[in-house]
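Peer 1: Under the numbering used here, residues 7 to 208 are what the sequence shown spells out, in order. All residues carry an ideal CB built from backbone N, CA and C; glycine is no exception.
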Amino acid sequence: MLQKVTFPNPFGFSKLTKEEIQSLQKKYNFSDEYATFLLEQNGFNDLLFFDADYKSFTTNYTGEEPWQMFGGLYGLNSNSDYYDLIEAQVYTIFESIFFKIGTDPGGNEFVEVLQGDKKGWIGCIDHDLYITHDTLNSFLEEVEEETDYENLNQLSLEELTKILISEDFGMMNFHAKSMNQFLANCFIIKDQTILIKDLEAE
């Protein structure tokens, strides 16, 4: 039988102060739910999880088996470049559009949407579509060259976000409508591996 991870659990990183989190939230504009996650959990290291007696932090899961692999949720003061929340934000061309919260083993990143009517939603973006670009403008120029989209760099952040997360664009796979829903529903255990459930699988 498949199991589901429960949050909060002790497999994050060192505890943070409210002041640290408020300062970070002011800078990056992530949701209050994500701020609460940082306060209660501060990341999630699945290696620590599986090395421990984790059964008391799981519940039974009877839904559809997911396909999306999980790598980790970033945290502050993680002492690891792989799990470091601030380090993750340095290498992004989608500043003010997506806030990186984690990764899968292949380098695709879990993000919180920062703009538009889906602000606060959690999804995974396909890094193969933008990994060769150092700037957002460079990425948008290539998109315009290869598609029918025009004048993307003249759009507002909300308008651009709507395109980037659309099904037609094909870069985003949504998992939850909020951070709380993501934590409550999406972390499924199979054979010492964590898989992340799609929003459509509900």
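Rounded to whole angstroms, what is the Cα-Cα separation between V6 and K61?
Peer 2: Residue 6 lies beyond the range of the chain shown here (7 to 208); nothing can be said about it.
Peer 1: Work out the CA separation of T64 and K10 for me, nearest whole Å.
Peer 2: One C-alpha to the other measures close to 5 Å.
Peer 1: List the whole-angstrom C-beta distance separating Q74 from L201, where the pair is believed to meet the contact cut-off of C-beta under 8 Å.
Peer 2: 6 Å
Peer 1: Kindly confirm or deny that the stretch 83-92 and the stretch 130-141 touch, where touching means at least three C-beta pairs closer than 8 Å.
Peer 2: no
Peer 1: Could you please give me the residues that DSSP links to L8 through a beta bridge?
Peer 2: Y67
Peer 1: In whole angstroms, what is the alpha-carbon distance linking A207 and D57?
Peer 2: Reliability fails at A207, whose pLDDT of 46 lies under 50, so the model's placement of it is uncertain and the value that follows must be treated cautiously. So the two alpha carbons sit approximately 29 Å from each other.
Peer 1: Cα separation between D132 and F175?
Peer 2: 11 Å
Peer 1: Where does D154 sit, in a helix, a strand or coil, going by DSSP?
Peer 2: coil
Peer 1: On a CA-only basis, which of M185, D52, W127 is nearest T199? Give me that one, please.
Peer 2: D52
Peer 1: Start and end of the alpha helix (DSSP H) containing M185?
Peer 2: 185-191
Peer 1: Round the Cβ separation of K196 and L8 to the nearest angstrom and send it over; I've been treating them as touching at under 8 Å.
Peer 2: K196 to L8, Cβ: 6 Å. Contact.
Peer 1: Could you tell me whether the Cβ atoms of V119 and T42 are closer together than 8 Å?
Peer 2: no
Peer 1: Given F145, which residues of its chain have a CB within under 7 Å of its CB, disregarding the five upstream and five downstream residues?
Peer 2: I99, Y136, H139
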